[in-house]
Amino acid sequence: MYSEKVMDHFSNPRNMGEIEDASGVGTVGNAKCGDIMRMYLDIDEGGVIQDCKFKTFGCGAAIASSSMATELVKGKTVSQALEVTNQAVMEALDGLPPVKVHCSLLAEEAIHAALWDYAQKNQIEIEGLQKPKSDVHEGEENQEEAY
Ligand code: FES
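Structure below.
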């Protein structure tokens, strides 16, 4: 049911932990399953993500998605990081079962929330970035049966 990559990132998560004095921190949760994900970004003066760490209280797919998402955003600029969507995370993981798609969405939202925090702190605007929802379940109503 899970790809080898999902199993690998679940059993061996990359970049787990926190970053002290992070440039941006984002926490999101899904009210339906109760899972919570927090992302920390260390962004240099040139707007490049030097480091990214996560803490996830959630299912295996959420842990694998967080781990893969941190790998994908490292070394990217803040605008390139916006391209790390849940689709991109899922592709990098060689797919997720349909009932687990929302777990990868949590990773996308956590990155956006951390970028939003960074933008707020620095009083800048990141083109294409919208204020993240703190609960990714909002707006997912039409996927109800996917749970
Ligand atoms: Fe909710 Fe995976 S079951 S994040």
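For the sequence shown, the numbering used here assigns the number 536 to the initial residue and increments by one for each residue that follows.
Even glycine gets a Cβ: it sits at the ideal position worked out from N, Cα and C.
- When DSSP states are grouped into helix, strand and coil, Gly559 belongs to the strand group.
- The closest heavy atom of the ligand FES lies less than 8 Å from the beta carbon of His637.
- Selection Met574, Lys567 and Val541 evaluated against Met551 yields Met574 as nearest (Cα-Cα).
- By DSSP's assignment, Cys587 forms a beta bridge with Leu576.
- Under a 10 Å Cβ-count criterion, Ile554 is classified as buried, with 16 or more other Cβ atoms of the shown protein chains found around its own Cβ.
- If the five residues before and after Glu606 are omitted, its C-beta is found closer than 6 Å to the C-beta atoms of Arg549, all from its own chain and listed in chain order.
- Taking C-beta separations shorter than 6 Å and ignoring five residues to either side along the sequence, the partners of Lys611 in its chain run Ile584, following chain order.
- When secondary structure is reduced to three states using DSSP, Met603 falls in the helix class.
- The residues Val541, His544, Phe545 and Leu628, in chain order, have a CB closer than 7 Å to that of Ala599 in the same chain once the five nearest residues on each side in sequence are set aside.
- Around the C-beta of Ser601, 16 or more other C-beta atoms lie within 10 Å, and the residue is accordingly described as buried.
- Ranked by Cα distance from Ala654, the options Val563, Asp570 and Leu576 are led by Leu576.
- With a 10 Å radius around the Cβ and a threshold of 16 neighbouring Cβ atoms, Val608 comes out buried.
- If the five residues before and after Pro632 are omitted, its C-beta is found closer than 7 Å to the C-beta atoms of Met536, all from its own chain and listed in chain order.
- Looking at the backbone, the Cα of Lys668 and that of Glu539 are separated by about 31 Å.
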